[in-house]
């Protein structure tokens, strides 16, 4: 009886400890949001909705419009995600279904090492190799298509396309690792049954592996999208840091995280500091919306 009482007490203690830390996390988030709102209130009250939807960003003239940075953040992150999803699914499929064991082990280790590379190293690689490649090779190839908005204009290599490819390089290993784990969890009996019915490897992957793993695929996609939205240093180094709203991939741009990293230390006026903190508030809201929508869609996927 005594041992049973101790066990019950331990379970109750664990329950209260877990609840306590849950409350602590919620309080930290609430304090973070409160601080962001408090310190950005000056610029929001002064400019109102024009701070969120204004097209101009000129700290010297006390003009603060966040729309170019919001656009740059969503444009680069979304485009990077669209490119990285099929690449990640293809790599994960090769590793789980096609690659021999030794090659699979080597490639898996390599992908995990790539995911651990610091963003500043990736940024330096992009400055010395990727940006010149886009300026000297990629841009001339697409020059005949300059009548299409996506390929219009000139470039020095520091542009939306460079930032997008950097994000692709950063989020693809994360997504690949998650997708690979999901594909490996597919029951072997389902695959064997599909093969017994005469299905090819492609049909098995399409009708069994991917549908069975769709929840994990979506979760990995949301996780990678959040990483792409908040990436700072590597993107700041190669995006060009000019507040532009354009469809051209060869145009320089700006992101919310980049403008905070570039200007926060040099900000001298209270209004400028408030505007940069307001950028942080916008980035937090965007990340919150992405995660909230992701949770809703995940619940719906589990019901199907």
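Residue numbers (the numbering used here): 393 to 696.
Note that beta-carbon positions come from the ideal geometry of N, C-alpha and C, so glycine has one too.
Open item on the list: In the DSSP assignment, the alpha helix (DSSP H) including residue 494 goes from what residue to what residue?
Closed with: Here residue 494 refers to the residue found at position 102 when the chain shown is read from its first residue. It spans 493–507 - the alpha helix (DSSP H) in which residue 494 sits, taken as one unbroken run.
Open item on the list: Among the candidates 620, 608, 689, whose CA atom is the shortest distance from the CA of residue 464?
Closed with: One-based indexing of the chain shown puts residue 464 at position 72. With distances taken between CA atoms, residue 464 lies nearest to 620 out of 620, 608, 689.
Open item on the list: Restricting to Cα atoms, I'd like to know which of 448, 488, 405, 693 is closest to residue 603.
Closed with: In the chain shown, counting from the first residue as 1, residue 603 sits at position 211. Looking at 448, 488, 405, 693, the one whose alpha-carbon comes closest to that of residue 603 is 693.
- [ ] Compute the Euclidean distance between the alpha carbons of residue 596 and residue 586, then round it to the nearest angstrom.
- [x] On the chain shown, residue 596 is found 204 positions in, with the first residue counted as 1. On the chain shown, residue 586 is found 194 positions in, with the first residue counted as 1. Note on geometry: alpha-carbon atoms of residue 596 and residue 586 lie some 6 Å from one another.
Task: Check whether residue 484 and residue 630 have beta carbons under 8 Å apart - done: The residue given as residue 484 occupies position 92 in the chain shown. The residue given as residue 630 occupies position 238 in the chain shown. Their beta carbons are not under 8 Å apart, which means residue 484 does not touch residue 630 by this criterion.
Task: Given residue 476 as reference, the closest of 626, 461, 535, 559 once Cα atoms are compared - done: Along the chain shown, read from residue 1 onward, the residue named residue 476 stands at position 84. It is 559 whose Cα lies nearest to the Cα of residue 476.
Task: Three-state class that DSSP yields for residue 545 in the structure shown - done: By 1-based counting over the chain shown, the position of residue 545 is 153. Coil at residue 545, not helix or strand.
Task: Cα-Cα separation between residue 691 and residue 561, rounded to whole angstroms - done: On the chain shown, residue 691 is found 299 positions in, with the first residue counted as 1. On the chain shown, residue 561 is found 169 positions in, with the first residue counted as 1. Cα to Cα, residue 691 sits roughly 29 Å from residue 561.
TODO: Would you kindly work out how many angstroms separate the C-alpha atoms of residue 653 and residue 579, rounded to a whole number?
DONE: The count along the chain shown starts at 1 and reaches residue 653 at position 261. The count along the chain shown starts at 1 and reaches residue 579 at position 187. Going by the C-alpha atoms only, they are around 46 Å apart.
- [ ] Give every residue of the same chain whose Cβ lies closer than 7 Å to the Cβ of residue 646, excluding the five residues on either side of it in the sequence, and list them in chain order.
- [x] The sequence position of residue 646 within the chain shown is 254, counting from 1. Around residue 646: 460, 461, 464, 631, 633, 634, 635.
Open item on the list: I'd like to check one pair, residue 432 with residue 673: are the Cβ atoms closer than 8 Å?
Closed with: Mapped onto the chain shown, residue 673 falls at position 281. Mapped onto the chain shown, residue 432 falls at position 40. Taking 8 Å as the Cβ cut-off, residue 673 and residue 432 qualify as a contacting pair.
TODO: Using only alpha-carbon positions, find the residue among 678, 421, 508, 455 that is nearest to residue 469.
DONE: Here residue 469 is taken as the residue at index 77 of the chain shown, counted from 1. The option with the nearest alpha carbon to residue 469 is 678.
- [ ] Under the assumption that residue 540 contacts residue 615 (Cβ atoms under 8 Å), give the Cβ distance between them as a whole number of angstroms.
- [x] Mapped onto the chain shown, residue 540 falls at position 148. Mapped onto the chain shown, residue 615 falls at position 223. Not confirmed; about 32 Å, so no contact.
Task: Whole-angstrom C-beta distance between residue 552 and residue 641, which should lie under 8 Å - done: Residue numbering aside, residue 641 sits at position 249 when the chain shown is read from its first letter. Residue numbering aside, residue 552 sits at position 160 when the chain shown is read from its first letter. Yes, they are in contact, since the Cβ atoms of residue 641 and residue 552 sit about 5 Å apart, within 8 Å.
- [ ] Report the residue from 513, 548, 515, 514 whose alpha carbon sits nearest the alpha carbon of residue 529.
- [x] One-based indexing of the chain shown puts residue 529 at position 137. When each option's Cα is compared against that of residue 529, the closest is 548.
Task: Closest by C-alpha distance to residue 563, when choosing among 418, 473, 658 - done: Within the chain shown, residue 563 is the residue found at index 171, counting from 1. The shortest Cα separation from residue 563 among 418, 473, 658 belongs to 473.
Task: 6 Å Cβ shell around residue 457 - same chain, five flanking residues per side excluded - done: Locating residue 457 in the chain shown gives position 65, counting from the first residue. Here the set comprises 446, 447, 448, 449.
TODO: Look at the alpha carbon of residue 393 and the alpha carbon of residue 598, and state the distance between them as a whole number of angstroms.
DONE: Within the chain shown, residue 393 is the residue found at index 1, counting from 1. Within the chain shown, residue 598 is the residue found at index 206, counting from 1. Residue placement at residue 393 cannot be trusted, given a pLDDT of 46 that sits under 50; the coordinates are not used to answer.
- [ ] Just the C-alpha distance for residue 398 and residue 404, rounded to the nearest angstrom, thanks.
- [x] Position 6 of the chain shown, counted from the first residue, corresponds to residue 398. Position 12 of the chain shown, counted from the first residue, corresponds to residue 404. Because the pLDDT at residue 398 is just 49, under 50, the model does not fix this residue reliably, and the point stays unresolved.
Task: Inter-residue spacing [alpha-carbon to alpha-carbon] between residue 593 and residue 609 - done: Here the question's residue 593 lines up with position 201 in the chain shown. Here the question's residue 609 lines up with position 217 in the chain shown. The straight-line gap from Cα to Cα measures roughly 20 Å.
Open item on the list: Bridge partners for residue 450 per DSSP, in chain order?
Closed with: The residue labelled residue 450 in the question sits at position 58 within the chain shown. Per DSSP, 455.
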